[in-house]
Structures are given as structure tokens and as C-alpha cells.
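541 is the number that our numbering gives the last residue of the sequence shown; the numbers go up by one with no jumps.
Note that the Cβ used here is the ideal one computed from N, Cα and C, for glycine as well.
Remember, it's a predicted structure, so these values are computed and weren't measured experimentally.
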Amino acid sequence: MPTRTLHSIKGNRGDLTVSCWENEAPYYVAVLVHGYGEHLGRYQHVADVLHVSGAVVIGPDHQGHGLSQGERVEIADFDSVVEDLGQVIDHYKQRHPDLPVVVIGHSMGGMIATRYTQLHQDEVAALILSGPLLGVRTAITDLDDLASLPDEPLDTKTLSRDSSVGRDYEADALVWHGPFKRSTLQSMKVMLNKIYEGTSLGVVPTLWMHGTEDKLVLLEESRPTLEKIAGGDFSCSFIKGARHEIFNETNRNEVLEEVRDFIVSRLPKVENSRK
267 MPTRTLHSIK GNRGDLTVSC WENEAPYYVA VLVHGYGEHL GRYQHVADVL HVSGAVVIGP
327 DHQGHGLSQG ERVEIADFDS VVEDLGQVID HYKQRHPDLP VVVIGHSMGG MIATRYTQLH
387 QDEVAALILS GPLLGVRTAI TDLDDLASLP DEPLDTKTLS RDSSVGRDYE ADALVWHGPF
447 KRSTLQSMKV MLNKIYEGTS LGVVPTLWMH GTEDKLVLLE ESRPTLEKIA GGDFSCSFIK
507 GARHEIFNET NRNEVLEEVR DFIVSRLPKV ENSRK
């Protein structure tokens with residue numbers, strides 16, 4: 267099991283805490299982009315799988331999330347989060363200048379990862395999206411239309427069929443358990459429209475993965491944007507019966523193997539060196 271180390275990088279809204287799982291014989295850099303309210307500490311098992319295939323695994327806790335600075339879950343401008351992600355990637359590219367970069371985004375992180383890829387296609391060797399928050403109109407951003415935002419805790423049964431995932435989520439002090447911030451919802455809507463109106467993903471190999479029973483980010487809400495911006499190498503994988511966190515589902519091993527195999531198939535250097 268690779269060891270997770272923490273580093274600090276100056277971001278747009280204060281210091282960002284960056285997780286890194288180094289590799290003595292790296293073949294690529296895998297960038298994990300986490301979802302709303304969570305943090306990179308929940309991704310050790312993902313890093314384990316990627317590490318075996320030759321990855322240096324990195325990723326920031328977004329501003330206002332996890333161990334990073336900022337008002338909790340308040341993001342007034344998602345362009346700044348995309349810029350933060352770019353700073354983190356640039357930092358590690360200086361350390362590994364010859365390695366291809368693979369970006370893996372979950373949920374809100376899928377939105378951030380998609381926008382980063384639109385803007386930096388030449389720097390991304392592959393993009394994997396897990397239940398990505400995409401769509402000009404979504405159930406999440408529609409919350410902004412309410413006079414007052416609901417303050418009920420997340421129903422953790424929507425995360426995974428594995429009940430231990432929900433229990434761990436509820437007990438995690440670094441996870442945000444309060445309501446959405448209105449400014450965050452409003453800036454999400456701005457970013458979702460920018461992505462929809464933005465460029466295609468071009469030649470970047472892209473894998474869209476989504477649970478068919480995802481009730482938090484609806485598959486059919488994400489579809490129109492992805493179909494509009496899909497590039498020439500675009501694949502879909504719909505995980506039957508899976509809920510929102512497909513990397514934490516009861517069949518997580520199969521899901522993560524599919525992620526690994528997709529990366530290996532798109533990076534010949536990995537394919538020839540790691541099985």
C-alpha cells in the first residue's frame with residue numbers, strides 16, 4: 267500500500283492541502299479531483315489500484331474542503347478552483363516532466379476535471395469521469411431556486427449499496443455535513459453553462475462512468491453535455507444498480523479495474539511495462 271503524504275500549495279483562496287502517493291517507478295501521473303463536501307483522504311483505495319499500474323497519484327482538497335483553507339464548502343467562482351487544480355498539476359509536472367497526466371474526477375470533481383480538460387487538452391492524456399455533475403440544469407443547482415436551502419443531512423444510502431460507506435461518511439469530521447451555500451450553487455450554474463458552451467474534448471480519451479441508480483447526480487442530466495462536448499475517443503460505462511459513489515460501491519474492485527484498464531489501453535508506455 268503506497269503511503270500518502272501531505273503538502274501545501276498556495277491557492278486562490280488560501281493554502282491548499284495536496285495529497286500525494288509517490289511511486290518509485292512511475293509511468294504516469296494520476297490526478298484525483300474529489301467531489302462536493304469531501305476530501306482526498308477518502309481515496310486511499312483508489313490510489314492503491316492506480317499505484318500498481320505505475321501512477322504517481324496526486325490531488326488537492328479543494329478550497330473550503332477537507333484540510334484546505336477557505337470558508338467551508340463556499341466557492342464563489344469555480345474558475346478559481348480549476349486554476350487551483352492547474353497549479354497542483356503544474357507543480358508535479360515540474361517533478362515528473364516526461365510523464366503523461368490522467369485526470370479522474372468524481373461528481374463536482376467531474377465538473378472541475380471536465381473544464382480543466384477543455385482548457386488544457388494538450389496536457390491531458392486521458393480523462394475519467396465518475397458520476398460527473400454536468401448539465402445546464404440539474405437537481406442540485408435547482409436548489410438555488412428555493413427561498414431557503416434545506417438543512418437536512420445527506421441520506422448516505424444514496425452513496426453506495428455498501429452500508430459501511432455511509433457510516434464512515436457520517437463519522438468523517440473532514441466531510442461537510444451541513445447545507446449547501448447559495449454562492450456555491452450559483453457559481454456551479456455558471457460553470458456548468460461554460461462547460462456546455464465550451465469546446466469539445468477533442469482527441470483526449472474520455473471514459474464516462476455512472477451508476478444507473480445514482481439519485482444525487484442523475485445520469486440523464488449529465489448526458490446532454492457529455493454528448494455535446496464528446497471528442498473522437500469517448501466511451502461510456504453505466505454500472506448497473508450502482509449509486510453515486512461508484513468507486514465505493516459493492517463492486518468497487520471491478521469498477522476500479524475498468525478505470526485502470528482504460529488508462530493502460532490509452533497509454534502505450536504503461537501497457538508495455540505494467541500489467
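Along the chain, where does the alpha helix (DSSP H) containing His-357 start, and where does it finish? Per DSSP, His-357 is one residue of the alpha helix (DSSP H) stretching across 344–361.
On the criterion of 16 or more Cβ atoms from any shown chain inside 10 Å, does His-443 qualify as buried, or is it exposed? With a 10 Å radius around the Cβ and a threshold of 16 neighbouring Cβ atoms, His-443 comes out exposed.
Find out if the Cβ-Cβ distance for the pair His-300, His-328 is shorter than 8 Å. Yes; because the gap between Cβ atoms is below 8 Å, this pair is in contact.
Between Arg-526 and the rest of its own chain, which residues show a CB-CB distance below 6 Å, the 5 nearest in sequence each way excluded? Here the set comprises Val-315 and Ser-319.
Nearest-angstrom beta carbon gap, Arg-518 and Leu-425 [assumed within contact, 8 Å]: Rounded, the Cβ-Cβ distance is 12 Å, inconsistent with contact.
With a threshold of 16 other CB atoms inside 10 Å of the CB of Pro-416, please say whether the residue is buried or exposed. Per the 10 Å Cβ criterion, exposed.
Let me check understanding here. Comparing Cα to Cα, which of Glu-487, Glu-515 and Val-368 lies closest to Lys-423? In terms of CA proximity to Lys-423, Glu-515 leads the group Glu-487, Glu-515 and Val-368.
Just to confirm, are Ile-324 and Gly-397 a CB contact at a threshold of 8 Å? Not in contact: Ile-324 and Gly-397 (Cβ atoms no closer than 8 Å).
I want to know whether the stretch 475–486 touches the stretch 450–462 - three or more CB-CB distances under 8 Å. The stretch 475–486, when compared against the stretch 450–462, does not touch it at the 8 Å Cβ threshold.
Report, in whole angstroms, the separation of the C-beta atoms of Gln-376 and Leu-400, which I expect to be a contact under 8 Å. One point to set straight first is that residue 376 is Gly, not Gln, in the sequence displayed. Rounded to whole angstroms, the Cβ separation of Gly-376 and Leu-400 is 7 Å, and the two are in contact under 8 Å.
State buried or exposed for Asp-350, treating a residue as buried only when at least 16 other CB atoms are found within 10 Å of its CB. When all chains shown are included, Asp-350 counts as buried.
Pull up the CB-CB distance for Ala-379 and Leu-393, whole angstroms please, since I reckon it's below 8 Å. Yes, they are in contact, since the Cβ atoms of Ala-379 and Leu-393 sit about 6 Å apart, within 8 Å.
How about the stretch 290–297 and the stretch 350–365: do they share at least three Cβ pairs that are nearer than 8 Å? Below 8 Å, enough C-beta pairs join the stretch 290–297 and the stretch 350–365 to call them touching: three or more.
First and last residue of the uninterrupted beta strand (DSSP E) at Arg-489: Per DSSP, Arg-489 belongs to no beta strand (DSSP E); it is in the alpha helix (DSSP H), 485–495.
Any beta strand (DSSP E) of 3 or more consecutive residues that is wholly inside the stretch 438–522: Taking only runs of at least 3 residues, the beta strand (DSSP E) segments lying wholly in the stretch 438–522 are 472–477 and 500–505.
Is the number of C-beta pairs between the stretch 272–279 and the stretch 334–352 that are closer than 8 Å three or more? Yes, the stretch 272–279 touches the stretch 334–352.
Just to confirm the assignment, what range does the beta strand (DSSP E) spanning Asp-314 have? From DSSP, Asp-314 is part of no beta strand (DSSP E) but of the alpha helix (DSSP H) over 310–318.
Residues bridged to Tyr-294 [DSSP beta-bridge criterion]: Beta bridge pairing from DSSP links Tyr-294 with Ala-321.
Test item: CB-CB of Leu-467 and Gly-507 under 8 Å: Not in contact: Leu-467 and Gly-507 (Cβ atoms no closer than 8 Å).
Going by C-alpha to C-alpha distance, which of Asp-408, Ser-429 and Thr-271 sits closest to Arg-448? Looking at the Cα atoms, Asp-408 is the closest of the given residues.
DSSP beta-bridge partners of Asp-281: Paired residues: Lys-276.
Is the beta carbon of Leu-492 sitting closer than 8 Å to the one on Trp-474? Yes, they are a contact pair.
Starting from the Cα of Arg-403, find the closest Cα among Asp-356, Tyr-358, Lys-460 and Leu-440 and give me that residue. Arg-403 has its Cα closest to that of Lys-460, out of Asp-356, Tyr-358, Lys-460 and Leu-440.
In terms of residues, what are the limits of the beta strand (DSSP E) holding Leu-415? Counting along the chain, Leu-415 falls outside any beta strand (DSSP E), and DSSP gives it neither H nor E.
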